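A quick write-up on the structure given underneath.
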Amino acid sequence: MGIYGGLSAGFSQYSNSGGSTFNFSLSPSYLYFIADNLALSPSLTTFYSKSDNQHTLSFTVNGGATYYIGTAPLKPFALARIGYYTARNYYSFGTYIYDEILLTGGIGLAYFFTNSVALSGTVYYYHYLYNHSHDETYTSENFAIGFTYILPK
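Here this note's numbering is used: the sequence shown runs in plain steps of one and ends on residue 449.
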């Protein structure tokens, strides 16, 4: 069993709009090893973004699996998840509501300082399946750094 968590905050300046954006996310998840190097990995993500003319609040609940490769302290890994994503975008002229299915894939590297403690970097690919009256999808990529603590058996 293990606990994985990530915390990120960022500030972005966009040259084409002259505006700025502040982003904050918190992504705790849980690793439950069902075999050597294979873990079930449910997770919860909260995200907040504030720019000059809007702010966004979103939540994601995921379930999936993570597979670690090798036995060395530096282990590559791959993950796959499916989940539910809900977001509210607030503008001065109204609110947009999104409720979607989210497919997530990722690859990364984890460095295990001990058998229980690791630091990891992950590149994520997100594919949102919109649940609207019109047929639309959206994709994005992200890089995250996280900390893993594996509980003793």
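For glycine and all other residues, C-beta sits at the position ideal for the given N, C-alpha and C.
None of these values were measured; they are calculated from a predicted model.
message = Between which residues of its own chain and Phe408 is the CB-CB distance below 6 Å, once the five residues before and five after are set aside?
response = As a position in the sequence shown, residue 408 is number 112, starting the count at 1. These residues qualify, in order along the chain: Pro369, Ala414.
task = Run through the stretch 349-383 for me and flag every whole beta strand (DSSP E) of 3 or more residues, listed as ranges in chain order.
result = 350-364
request  = On a CA-only basis, which of Tyr380, Pro338, Ser347, Thr362 is nearest Phe320? Give me that one, please.
outcome  = Locating residue 320 in the sequence shown gives position 24, counting from the first residue. Comparing Cα positions, the closest option is Ser347.
ask   = Hey, quick one: how far does the beta strand (DSSP E) through Phe389 stretch, first residue to last?
value = Indexing the sequence shown from 1 puts residue 389 at position 93. Per DSSP, Phe389 belongs to no beta strand (DSSP E) and is neither H nor E.
key: Buried or exposed (CB count within 10 angstroms, at least 16 for buried), Asn333   = Here the question's residue 333 lines up with position 37 in the sequence shown. It is exposed - the Cβ of Asn333 has fewer than 16 other Cβ atoms within 10 Å.
Alpha-carbon to alpha-carbon, Tyr392 and Gly417 = As a position in the sequence shown, residue 417 is number 121, starting the count at 1. As a position in the sequence shown, residue 392 is number 96, starting the count at 1. About 32 Å.
task = Going by CA-CA distance only, name the one from Phe318, Tyr326, Leu353 that's closest to Phe443.
result = Start at 1 with the first residue of the sequence shown, and residue 443 comes out as number 147. The shortest C-alpha separation from Phe443 is found at Tyr326.
key: Sequence-distant residues of its chain with Cβ nearer than 7 Å to Gln350 (five each side left out)   = As a working note, residue 350 is residue 54 in the sequence shown. Hits under 7 Å: Asn385, Tyr386, Tyr387.
Three-way DSSP call (helix, strand, coil) for Ile441 in this model = Within the sequence shown, the letter at position 145 stands for residue 441. Three-state DSSP puts Ile441 in a strand.
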